[in-house]
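For the sequence shown, this note's numbering begins at 68 and goes up steadily by one. Ideal placement from N, C-alpha and C gives every residue a C-beta, glycine not left out. Quick caveat: nothing in here was measured; it's all calculated off a predicted structure.
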Amino acid sequence: MSISANLQGLNDMGSRHSVLSSDTPDEGRHPASFAEAVQANSAFHNERQFYSGDRQGLVHSVMEICSGQRPTVGSALWLQMRPQEPKKVWEHHDWVYLQSKGAFDLPSPEICDSLIRGYFEHVHPLLPVLDAGHFLLQLSLKGVSSMNLLLLWSVLFAAANFAEPETLQAAGYASRKAMKRAMYTKAKALYDSDYEDDKICVVQSASLLGFWYSDAEDRNGPWHWLGIATGLCQVMGLHREPHLASESASTRLRQRLLRRIWWSCFMRDRWLSLGLGRPMRINIDDCDVQMPDAQDLTAEVEQLPPEVTNKYLPSSMSELAVIWVRLIRLSHILGKILRTNYQLSPGDPDSGTIEAHEIELESCRFAPDPPLGKSSFLVSLNRLQFEMLLELVTPVYQRFSTGSLRELAEPQ
């Protein structure tokens with residue numbers, strides 16, 4: 068899709084990113100506006116939930132003084148705030164820069180379709196940060212030109228790892244690596260330009276851009292992007308269980324999405340910590356959001372038209388969802404093992420802790436695979452990958468437990 072085909076879109080997007088007018092109240096600048104926004108009877112329409120921190124935060128203290136009520140221990144404060152207009156001032160050179168990076172030159176619909184199918188087969192079942200129902204419905208109704216550019220390029224980049232040879236040839240790339248680099252460059256240009264102001268979209272994109280890796284010296288590798296995604300999740304309070312006044316069907320679907328995003332970041336945090344030998348960013352003791360279930364992954368696509376489902380989604384989504392839930396559980400156990408043994412002064416775990424870790428690891432195992440033909444190739448592949456990760460955790464656990472048990476067995 069050429070740049071000229073997007074000129075009208077550029078004008079529309081330019082208005083979307085216009086600066087705030089001088090008479091628009093801003094809670095960050097005008098305390099009176101903030102006070103009005105936090106009132107329970109706020110008159111603002113199209114309100115959104117705003118996480119303002121836990122009890123130890125300053126906002127909690129202010130609200131406690133104003134209301135005369137002490138919040139419960141460990142509680143989080145959620146406010147209803149009206150949506151803010153984006154504050155980015157877009158200049159001509161911003162658009163010229165993005166055009167020079169090819170950010171508006173989308174692949175053909177056929178290439179996009181091929182990559183998006185690959186994304187939902189190989190990426191989404193293990194990192195389900197996308198609202199698949201909304202994404203695919205918009206794609207099928209309005210086409211790729213209607214999609215959020217930052218998110219679309221991030222999806223295409225993540226899918227490039229699994230691009231078919233004919234897709235690479237049609238897109239004009241000599242290798243998957245070349246396609247990945249080109250699409251990463253476009254997505255990163257949009258991110259660096261603050262093109263997108265929706266935090267959820269930025270978290271989703273950063274999570275997917277975490278698949279970028281060039282070399283050990285690259286400062287924009289997986290650790291960098293995971294830090295951005297995790298930090299924004301905590302800013303939005305995704306690590307806390309929300310207590311909503313009412314729950315509509317759409318609200319429940321949104322909470323399922325936010326839960327998946329959080330636990331996907333959690334999972335990546337544990338495995339990158341193990342792989343890179345770095346501290347875990349997420350302290351599980353700071354989190355009370357409930358663990359996900361398989362329905363969190365499948366509910367949003369159940370209402371899609373069959374032709375959309377058959378075109379883009381694997382037929383075994385429900386089985387793949389079960390594997391993802393088990394992977395989150397394994398990641399949780401890995402975090403416990405790392406926390407116990409990879410501290411500066413860890414000490415030696417007692418036999419009870421060692422036994423508990425062993426029991427938890429064994430409980431993660433699946434029953435033996437069904438006979439050939441009873442399960443799809445994709446399910447078998449994902450189960451095999453899960454089993455490999457489980458076997459990877461075992462020597463990490465045994466490395467410390469063996470030494471500790473040997474010391475316990477030595478005569479005093």
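Tell whether a beta-carbon distance below 8 Å holds between residue i and residue j.
i, j, result
"Ser398", "Val446", "no"
"Phe229", "His189", "yes"
"Leu293", "Gly277", "yes"
"Leu339", "Glu367", "no"
"Leu173", "Ser221", "no"
"Tyr186", "Ala226", "yes"
"Phe224", "Leu275", "yes"
"Arg327", "Pro359", "yes"
"Tyr258", "Leu217", "yes"
"Arg248", "Trp290", "no"
"Arg307", "Asp352", "no"
"Leu204", "Met214", "no"
Please list, in chain order, all residues of the same chain as residue i whose beta carbon is under 8 Å from its beta carbon, the five residues on each side excluded.
i, result
"Leu394", "Leu193, Met334, Phe453 and Leu456"
Nearest by alpha-carbon distance to residue i: which of the options is it?
i, options, result
"Ala199", "Pro462, Tyr409, Phe433 and Pro381", "Pro381"
"Phe433", "Asn449, Gly402, Leu173 and Gly419", "Asn449"
"Asp180", "Glu427, Phe171, Leu197 and Glu231", "Glu231"
"Ser317", "Gln357, Asp363 and Cys300", "Asp363"
"Gln357", "Val375, Trp162, His310 and Ser315", "His310"
"Tyr409", "Gly288, Arg319 and Leu341", "Leu341"
"Leu197", "Leu320, Ser242, Glu425 and Lys403", "Leu320"
"Asp489", "Ile404, Leu219 and Leu411", "Shown here, the chain extends from 68 to 479; a query on residue 489 therefore has no answer."
"Leu219", "Ser242, Ile178, Thr365 and Gln236", "Ile178"
"Gly210", "Ser175, Gln236 and Lys266", "Ser175"
"Leu343", "Glu158, Glu369 and Asp282", "Asp282"
"Leu208", "Leu451, Glu422, Val375 and Glu429", "Val375"
"Leu182", "Trp157, Ser315, Pro195 and Arg243", "Arg243"
"Thr365", "Asn350, Pro195 and Asn377", "Pro195"
Excluding five sequence neighbours on each side, which residues of the same chain lie with their C-beta closer than 7 Å to the C-beta of residue i?
i, result
"Ala361", "Ser385, Ala388, Val389 and Val392"
"Lys168", "Thr252, Lys253 and Ala256"
"Arg396", "Cys431"
"Glu427", "Ile400"
"Cys300", "Val270, His306, Ile328, Trp329 and Cys332"
"Arg184", "Tyr379"
Can you say whether residue i is buried or exposed, counting buried as having 16 or more other CB atoms within 10 angstroms of its CB?
i, result
"Arg337", "buried"
"Gln271", "buried"
"Ala170", "buried"
"Ser331", "buried"
"Tyr280", "exposed"
"Pro373", "exposed"
"Thr234", "buried"
"Val302", "exposed"
"Gly419", "exposed"
"Gly288", "buried"
"Leu66", "Outside the displayed range of the chain (68 to 479) lies residue 66, so it cannot be described from this structure."
"Pro435", "exposed"
"His424", "buried"
"Leu411", "exposed"
"Pro462", "exposed"
So, for residue i: in the same chain, excluding its five sequence neighbours on each side, which residues have a beta-carbon less than 6 Å away from its beta-carbon?
i, result
"Ile295", "Ala273"
"Arg348", "Thr297 and Asp336"
"Tyr240", "Met246"
"Val460", "Leu401"
CB of residue i to nearest heavy atom of the ligand GDP: below 7 Å?
i, result
"Leu343", "As for the ligand GDP, it is missing from this structure, which has no ligand bound."
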